[in-house]
Amino acid sequence: MTQPDEAFQKAFDAQLTRRVLGYLKPYLFYAVAGLLLALLIALAQPTFGLIQRYAIDHSFGPRTLTAGLNVAAREQLFQVLLIAALSYLALKVVEFGLRYAFTMSINILGQRVLYDIRADIFTKLQRLQLSYFDANPVGRLITRVTSDVDAINQFITAGLVSLIQSTFLILAYVGIMLSISWELALVSFAVLPILYVATNYFRARIRESFRNTRIQQAIVNTKLNENITGMLTVQLFGRENRNGVDFDRSNRQLLGANLRSVGWFALFQPSVSILGSVASALVLWYAGQDILVGVGITLGTLIAFNTWVSQLFQPIQDLADVFNNLQAAMASSERIFGVLDTPVTIQDKPDAQRLERFEGRVDLEQVWFSYDDTVTAETPGSDERWTLRGIDLHIAPGESVALVGATGAGKTSITSLVSRFYDVQRGAVKVDGHDVRGLAQYDLRRHIGVVLQDVFLFAGTIQSNLTLGASGISHERVVQACKYVGVHEFILGLPQGYDTEVRERGATLSTGQKQLLAFARALIQNPDILLVLDEATASVDTETEEHIQDALAKVMHGRTSIIIAHRLSTIEHCDRIIVMRRGLVVEQGSHRQLLAQNGYYARLHRLQYAQDVAAD
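Quick note on our numbering: the sequence shown kicks off at 3 and runs consecutively.
Here's what the structure looks like:
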C-alpha cells in the first residue's frame, strides 16, 4: 500500500518555508521577541566561561600561589572568589528569566500558528467537493490535521528555535574563542571538517528513514480508521484475526522504520560527542605545553577553552534535531499545502443567483456524468466510465418521482447532481429553469431535504442533531416534526428527553430509531424538494414503516419529491416511476402503467414479489 503524496525528498524547500513562515506574520511580536531573547541567551552562555577564567587566573595563578597564606592574600583570594561567585549566580538568574520569557514567547507563537493552520485545513475540507473525499481515505486526512500540523509546530517551537539558538551559540563561542586565543581556537576547530562530512552523511540517512516513517505512519492511521469505522462489518464477518494480522504487518513496518531512524540518530550523536572529545584532547595537549613552560596560555584560559569546546559541540549536535524537524516540517508542509491548494471545483460563481420564489421544478437535459475526474465532455459516449448517459428527465413542481433500477444504474447520481454535490460533464441540471451551476450552493441546498439510509448523527444532543445547530428553529417546531413521524414518544422516554446526549455515531440507538430521527430532521428543515435516498425506510419494522409512509405521504404533498427505492411496494403511490438501467432511462410511468407494459419494471416487480413470498 503506497501513498504517492507521502514522498518528499528535499530537506529544504524555500517556497514551502516561506509559506509556513507566512503564518508568523500576525504574531511578529512573539517572533521578534523570541529572536532577541535567543540572541541574549547565546551571548550569556560564553560569559560563564569568562567568569571561571577570571576566578582561576586571579585566585590560583602563579602569583597568588607563591604569595603564601598571609591574611592579606587570603582576603584578596576570598574577595575575588566572592565577586566571581556572585557574578556567576547573578548571570544564572538573568539566564533563567531570559529562558522563561523565550520559552513562553516561542510556544505561544507555535500554538497560534498551529491553531491557524488547523483552522485553515478544516475550513478547506468543508469547502472541497465530494469527489475529493471519494479519492482520499479519512485516515490520511486526519493525519493532515493532526500529525502533519503537529510536525510544523515542532519545527517552529523546537526545530526553528534550535536552529536560531544553536547558530547564535556557535557564533558566540567561535567569536569569544578567537578573541581570547586564536591559536587555541584554530586547534579546537581542527575536527570541524570531519564533523561536516559526518553530519552530511548521517543527515541523508536520517532524512530517508524519517520519510519512510511518515509513510508507514499514514498507512497505519488509515488502517486504524477503516477498522474502527467498520467494526460492525469486521465482527459480523469474523475478520478480527485477519484484520489483526494485516494491521500487525503495517504496524511492524512502522516499527522497523522508526527503529531505523533511531539507529541512525543513535550513531550520529556519539559520533559528534567523540569528535568533541578529540577537540578537547587537542586543546589540553596544545595548551598544556604552554602552561608547563610558563608562557602564553594561562590555567584559567585552558579550563575556559575546554568548557567552550564542549559547549560548542552541543549546539552542533542539536542541529541533528533541526535536520529531523526540518525534514518532517517539509514533508508535512507539502502535504498540508497540497490540501490547501486543491482546487475547489464545486464553487459558486461570482454572480451566483439566489432563488427568490422557489417552485421545485427539476430538469435534467441531456445529462452525461462520470465520477472519474479524467472524463470530460469530449470523452466518447461508448466509454464505460460514464455513469449517466444522456439523461432527459423533467419533474414538475409538486410531483413525486421514484427512481428504481439495479445497483449502479445511476439513481443516487441523479439526486447528487440535483443537490450539486457533483457537476455534469455534458448537459445541464436545472432547478426552476436555472442551471444549478449558476446558483448559490447554500441557497440551493437549503431548499432540499435529504434522508439517507446510512444516518449520520453528530456528537451532541438529540435536539442539536435534529436542528443541526440552526438557531432559528424553535423547540415547538422540532416537537411537531417528531410527532409527525412518530418518534416523539421515544425521545421523551430517554433520560433527558430532547437534551439526551447522543454517543458517537448514535451507538446507543437502533437503526430504525436513527432512521426516524433522520426523517424528523429532514421535515424540520421544511424543504421544497425532498430527496429520500437508498431505501431510507428499509431498516424499520413493518408498523414503523407504515407510520413513516403515512407521514411521508403528508409531507410529500405539494413538494417535489425524488425517492430512490429498491422495495417497489414502497413507491407504488408515486406520481411517476423512472426505471433506470446502466445509466439510461428505459421506462417511465405510473406503477400500473409500467406493469401493463410488461417490460423491465414488471420483471423487477415479479422477481421481488417472488422473493417476498419465498421469505414468508
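Built from N, CA and C at the ideal position, the CB exists for glycine as well.
Within the same chain, and ignoring the five residues on either side of residue 207 in sequence, the residues whose Cβ sits closer than 6 Å to its Cβ are 266. Within the region 436-515, the complete alpha helix (DSSP H) runs of at least 4 residues fall at 443-447, 464-469, 477-487, 490-494. With 16 or more other Cβ atoms from the protein chains shown falling within 10 Å of its own Cβ, residue 108 counts as buried.
In this structure, DSSP gives residue 428 an extended state, which the three-state scheme calls strand. In the three-state reduction of the DSSP assignment, residue 224 falls in the helix class. Beta-bridge annotation (DSSP): residue 388 is not paired with any residue. The count of Cβ pairs closer than 8 Å, one atom from the region 563-582 and one from the region 397-410, reaches three, so the stretches are in contact. Setting aside the 5 residues that flank it on each side, residue 306 is surrounded in the same chain by 51, 54, 55, each with a C-beta closer than 6 Å to its C-beta; the list follows chain order. In the DSSP assignment, residue 365 forms a beta bridge with 396, 432. Under the three-state reduction of DSSP output, residue 183 falls in the coil class, being neither helix nor strand.
About 19 Å separates the Cβ atoms of residue 531 and residue 412, ruling out a contact at the 8 Å cut-off. With a contact defined as Cβ atoms closer than 8 Å, residue 144 and residue 338 miss out at about 13 Å. Counting only the Cα atoms, residue 220 lies some 45 Å from residue 434.
Taking all protein chains in view, the Cβ of residue 140 is surrounded by fewer than 16 other Cβ atoms within 10 Å, so the residue is classified as exposed.
One thing to note: residue 452 has its Cβ within 8 Å of the Cβ of residue 524. Residue state for residue 360 is assigned as coil, using DSSP reduced to three classes. DSSP places residue 16 in the uninterrupted alpha helix (DSSP H) bounded by 16-23.
Under the three-state reduction of DSSP output, residue 349 falls in the coil class, being neither helix nor strand. When C-alpha distances from residue 224 are compared across 243, 167, 146, 285, the shortest belongs to 146. Residue 112 sits buried, since 16 or more C-beta atoms from the chains shown fall within 10 Å of its C-beta. In this structure residue 315 is not in contact with residue 268, their Cβ atoms being roughly 17 Å apart against a cut-off of 8 Å. When the Cα atoms are used, residue 429 and residue 16 turn out to be separated by approximately 44 Å.
Distances from the CA of residue 60 to each of 407, 35, 301 were compared; the closest alpha carbon is that of 301. Annotation: the continuous alpha helix (DSSP H) that includes residue 137 extends over 132-137.
Put simply, the backbone Cα of residue 441 is about 31 Å away from that of residue 477. Collapsing the DSSP output to three states places residue 377 in coil.
Three or more Cβ pairs closer than 8 Å define a contact, and the region 188-195 falls short of that threshold against the region 373-385. Cβ contact annotation for residue 99 (same chain, cutoff 6 Å, sequence separation greater than five): none.
A direct Cα-Cα distance of roughly 6 Å separates residue 170 from residue 41. 8 Å or more divides the Cβ of residue 187 from the Cβ of residue 48. For residue 598, no pairing in a beta bridge is given by DSSP.
Measuring C-alpha to C-alpha distances from residue 103 to each of 126, 114, 35 identifies 35 as the nearest. In the three-state reduction of the DSSP assignment, residue 567 falls in the coil class.
Using a Cβ distance threshold of 8 Å, residue 407 and residue 583 count as a contacting pair. For residue 579, the enclosing beta strand (DSSP E) has its first and last residue at 578-583. When secondary structure is reduced to three states using DSSP, residue 383 falls in the coil class, being assigned neither helix nor strand.
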